[in-house]
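To start, the structure itself, in structure tokens.
There are 2 protein chains.
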Amino acid sequence: MDPSKIFGPRKTVEQVEEGTDLAPKFDAQGLIPAVTTDFDSGELLMHGYMNAEALALTITTGEAHYFSRSRQAIWHKGATSGLTQKIRELKIDDDQDCVWLRVDVAGGASCHVGYRSCFYRTVPSGAGVSGDSPLTLEFTEHEKVFDPEVVYPGVENPTKL
Amino acid sequence: MDPSKIFGPRKTVEQVEEGTDLAPKFDAQGLIPAVTTDFDSGELLMHGYMNAEALALTITTGEAHYFSRSRQAIWHKGATSGLTQKIRELKIDDDQDCVWLRVDVAGGASCHVGYRSCFYRTVPSGAGVSGDSPLTLEFTEHEKVFDPEVVYPGVENPTKL
């Protein structure tokens with residue numbers, strides 16, 4: 001498919017912010033950030049990126065597609081793990097440089113480490129943080145939904161230092 | 162303050178993903194994306210960026226600070242509008258290249274256009290989208306919380322085409 005058929009041109013700030021034309025902005029790498037939350041719980045599941053093709057595939061198929069920066073390829077989420085994300089609602093922000101996916105997750109997990117959400121640790125903040133010493137994260141998920149070694153056998157971990 | 166005092170080094174993938182050291186990754190521009198949701202409703206309010214100083218200020222003050230890419234400056238959210246964001250919970254993702262802020266918003270709005278959330282329009286998706294013609298957004302917020310002309314008099318609109 002040709003993504004340019006469903007995306008309009010960005011003409012004015014007013015059109016982009018106050019209008020009804022879908023006119024997404026992709027950055028210098030051709031990407032737009034995508035924020036994915038669980039439709040029922042509201043929990044933030046993951047933060048990824050899409051290129052024009054991935055966004056168009058997400059829109060037309062109703063399932064989340066991202067662009068993997070580590071693999072430099074379109075990534076149909078769940079194609080390997082079975083943990084697909086079905087779009088319940090798709091939203092775009094004021095200047096149309098970010099999209100929000102509200103999804104149902106098949107299998108209940110979205111994180112390659114095996115947790116339900118990628119955001120399974122909290123950072124201390126506010127009163128009580130001195131700012132003078134390294135901070136310690138606290139786990140908020142204590143059990144993995146799946147074992148990555150079983151679900152992704154032989155697949156390289158995408159995390160980069 | 163010196164942000165390096167509260168951030169640890171990134172040593173191994175296991176340390177970053179499975180450990181308790183706060184070791185955030187900043188991109189080539191020195192930035193980390195920040196996803197901000199309303200603590201009570203779970204609604205996605207905005208997507209922004211932080212540099213190391215903005216993240217450290219967010220952690221130590223308990224109020225959201227971002228890095229404005231358009232102004233290339235630290236941005237204490239609400240300093241102009243009064244619509245500050247108080248951190249109720251701060252989380253970081255598996256590879257520590259994204260943070261999630263769960264906040265209470267003073268004044269009830271987070272979008273410079275005047276809406277409660279920056280994500281006030283939906284994109285059609287799934288069955289019924291042909292993929293052959295430009296798509297039309299649908300507004301989900303119909304009334305602005307504030308008038309940007311009143312709250313930001315003489316301030317340039319940050320949206321770029």
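Chains D and A supply the protein sequences, listed in that same order.
In terms of this note's numbering, the first sequence opens at residue 1 and continues consecutively.
In terms of this note's numbering, the second sequence opens at residue 162 and continues consecutively.
Glycine included, C-beta positions come from ideal geometry on N, C-alpha and C.
CB contact check: residue i to chain D, cutoff 9 angstroms
i, result
"residue 212(A)", "no"
"residue 241(A)", "no"
"residue 312(A)", "no"
"residue 172(A)", "yes"
"residue 227(A)", "no"
"residue 267(A)", "no"
"residue 236(A)", "no"
"residue 300(A)", "yes"
"residue 315(A)", "no"
"residue 205(A)", "yes"
"residue 180(A)", "yes"
"residue 304(A)", "no"
"residue 168(A)", "yes"
"residue 308(A)", "no"
Residue span of the alpha helix (DSSP H) that contains residue i, given as start and end
i, result
"residue 15(D)", "13 to 18"
"residue 57(D)", "52 to 61"
"residue 316(A)", "Taken as a continuous stretch (DSSP letters only), residue 316(A) belongs to no alpha helix (DSSP H), as it is neither H nor E."
Counted within 10 angstroms of its Cβ, other Cβ atoms place residue i as buried (16 or more) or exposed
i, result
"residue 101(D)", "buried"
"residue 91(D)", "buried"
"residue 228(A)", "buried"
"residue 132(D)", "exposed"
"residue 108(D)", "exposed"
"residue 202(A)", "exposed"
"residue 286(A)", "buried"
"residue 209(A)", "buried"
"residue 301(A)", "exposed"
Residue closest to residue i, alpha-carbon to alpha-carbon, out of the options
i, options, result
"residue 82(D)", "11(D), 89(D), 105(D) and 19(D)", "105(D)"
"residue 161(D)", "162(A), 273(A), 165(A) and 187(A)", "187(A)"
"residue 150(D)", "158(D), 63(D) and 112(D)", "112(D)"
"residue 13(D)", "23(D), 4(D) and 107(D)", "23(D)"
"residue 240(A)", "181(A), 316(A) and 301(A)", "316(A)"
"residue 226(A)", "260(A), 204(A) and 168(A)", "260(A)"
"residue 138(D)", "127(D), 145(D), 129(D) and 123(D)", "123(D)"
"residue 320(A)", "6(D), 18(D) and 4(D)", "18(D)"
"residue 250(A)", "166(A), 314(A), 169(A) and 197(A)", "197(A)"
"residue 146(D)", "130(D), 6(D) and 114(D)", "114(D)"
Neighbour flag for residue i against chain C, beta carbons, 9 angstroms
i, result
"residue 245(A)", "Absent from the structure is chain C; the protein chains it does hold are D and A."
Test: residue i CB closer than 9 angstroms to a CB of chain A
i, result
"residue 71(D)", "no"
"residue 131(D)", "yes"
"residue 109(D)", "no"
"residue 54(D)", "no"
"residue 121(D)", "yes"
"residue 30(D)", "no"
Limits of the beta strand (DSSP E) - the one that residue i falls within
i, result
"residue 250(A)", "246 to 253"
"residue 281(A)", "No beta strand (DSSP E) contains residue 281(A), which DSSP labels as neither H nor E."
"residue 228(A)", "226 to 229"
"residue 71(D)", "Element bounds for residue 71(D): n/a, residue is neither H nor E."
"residue 167(A)", "Counting along the chain, residue 167(A) falls outside any beta strand (DSSP E), and DSSP gives it neither H nor E."
"residue 192(A)", "Counting along the chain, residue 192(A) falls outside any beta strand (DSSP E), and DSSP gives it neither H nor E."
"residue 262(A)", "260 to 266"
Notebook entry, point to check: Does the region 181 to 193 of chain A come close enough to the region 231 to 248 of chain A that 3 or more CB-CB pairs lie under 8 angstroms?
Noted result: Judged by Cβ distances under 8 angstroms, the region 231 to 248 of chain A makes no contact with the region 181 to 193 of chain A, as fewer than three pairs qualify.
Note to self: Does the contact criterion of 3 or more C-beta pairs under 8 angstroms hold for the region 94 to 103 of chain D versus the region 272 to 280 of chain A?
What the structure shows: Contact between the region 94 to 103 of chain D and the region 272 to 280 of chain A is present, because at least three Cβ pairs lie under 8 angstroms.
Margin query: Using 8 angstroms as the cut-off, can you tell me whether the region 49 to 59 of chain D makes contact with the region 212 to 219 of chain A, which would need three or more C-beta pairs spanning the two stretches below that distance?
Written below: Output reads no: the region 212 to 219 of chain A does not touch the region 49 to 59 of chain D.
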